[in-house]
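A quick write-up on the structure given underneath.
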Amino acid sequence: MSYTKRFDGRQFEELRKMEAKVGVVPSAQGSAMFKIGNTVAIAAIRGPREVRPRFMQDPTQGLLRCHYNMMPFSGHGDRVRPGGGRRSKEISMIMEKALRPVINLSDFPNAMIEVHVELPQTDAGTRCAGITAAAIALAHAGYEMKDLVASVALGKVGNQIVADVNYDEEAYEGEGGSTDIPLAIVPSTGEVTLLQLDGEVTQEELKKIIELGTKVAGDIFKVQQQALKESFKETA
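Numbering of the sequence shown is given in my numbering, commencing with residue 15 and proceeding in unit increments.
Rendered as structure tokens:
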């Protein structure tokens, strides 16, 4: 049976309801919460601070380190084990690569900026929500940035390309199965800083996926911008 209607009733190109807020962790250098559907990511920034051990220092630029963690009982299925497993470490590295192109790390030689992302509630698209929250938090911290990064989990469910997959779509086992495609975009330039593919798509389908991702990333960017504007109003 083909996938002709989304489980939650959305249009195929429609994102779930979004919400963003900055300053959610007062003791952090910068922080933000980003919610999309039932997935919630909280990002907090620490640094710059001296890199230890010293042999890892770079006199020309700083380091960016991300730490991704899903809280126990945050989502579907079995309890998530606390601490950094292999998946958490892999996603942490993915987040670093997605965010690094927009941050001017040359301002922080021999130093390190740390991004801590916690997910208290998950319903697919966790790394994308984490990247989106982290970009807002970095801007809130006041670091020089070329732009924000907006990220979304696209998918091919059956033979249908969809935006912002949820857990039910991610786990779809009908005809054609499900392909998960996390994407991160720099809105002002259209630069793709993250593109992963867990499954098979044709070259033409991939082109459509990137076009759709670029389009909906603009909607995510508006939510990011609004959260930052509201924080500046509060401090003015």
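Note that the Cβ used here is the ideal one computed from N, Cα and C, for glycine as well.
Worksheet item: Where does the unbroken alpha helix (DSSP H) through leucine 152 begin, and where does it stop?
Response: For the purposes of this step, residue 152 is taken as residue 138 along the sequence shown, with counting starting at 1. Its alpha helix (DSSP H) spans residues 140-154.
Worksheet item: On the three-state DSSP scale, how would you describe proline 201?
Response: Here residue 201 is taken as the residue at index 187 of the sequence shown, counted from 1. Proline 201 falls in the coil class under three-state DSSP.
Worksheet item: Mind checking whether aspartate 182 and phenylalanine 21 have CB atoms under 7 Å apart?
Response: As a first step, residue 182 is located in the sequence shown; it is residue number 168 there, counting from the start. As a first step, residue 21 is located in the sequence shown; it is residue number 7 there, counting from the start. Closer than 7 Å, so yes.
Discussion item. I want to know whether the region 145-154 touches the region 55-65 - three or more CB-CB distances under 8 Å.
Written reply: yes
Discussion item. If we require 3 or more residues per run, which beta strand (DSSP E) segments fall completely within the region 182-242?
Written reply: 192-200 and 205-209
Discussion item. Measuring alpha carbon to alpha carbon, tell me which residue in Gly44, Pro134 and Gln43 is nearest phenylalanine 87.
Written reply: Translated into positions along the sequence shown, residue 87 becomes position 73. Comparing Cα-Cα distances from phenylalanine 87 to each of Gly44, Pro134 and Gln43, the minimum goes to Pro134.
Fill in: Extent of the continuous beta strand (DSSP E) to which leucine 77 belongs
In the sequence shown, the residue the question calls residue 77 occupies position 63. Run containing leucine 77: 77-84, per the beta strand (DSSP E) assignment.
Item to complete: Could you pull the start and end residues of the alpha helix (DSSP H) that methionine 109 belongs to?
Response: Here residue 109 refers to the residue found at position 95 of the sequence shown. Its alpha helix (DSSP H) spans residues 100-113.
Fill in: Opposing strand residues paired with serine 253 [DSSP bridges]
Any property of residue 253 remains undetermined from this structure, which presents the chain solely from 15 to 250.
Worksheet entry | Length of the line joining the Cα atoms of aspartate 92 and methionine 47 | Translated into positions along the sequence shown, residue 92 becomes position 78. Translated into positions along the sequence shown, residue 47 becomes position 33. Any reading at aspartate 92 needs caution, since the residue's pLDDT is 46, under 50, leaving its predicted position unreliable; the model's value is listed next. One C-alpha to the other measures close to 25 Å.
Practice prompt. Could you please give me the residues that DSSP links to glycine 44 through a beta bridge?
Written response: Against the sequence shown, residue 44 aligns to sequence position 30. DSSP lists Ile59 as partners of glycine 44.
Worksheet item: Hey, would you say proline 201 sits closer than 7 Å to alanine 164, going by beta carbons?
Response: If you number the sequence shown from 1, residue 201 lands on position 187. If you number the sequence shown from 1, residue 164 lands on position 150. For proline 201 and alanine 164, yes; Cβs fall inside 7 Å.
Item to complete: Using DSSP bridges, identify the partner residues of leucine 133.
Response: Numbered from its first residue, the sequence shown carries residue 133 at position 119. Per DSSP, Met84.
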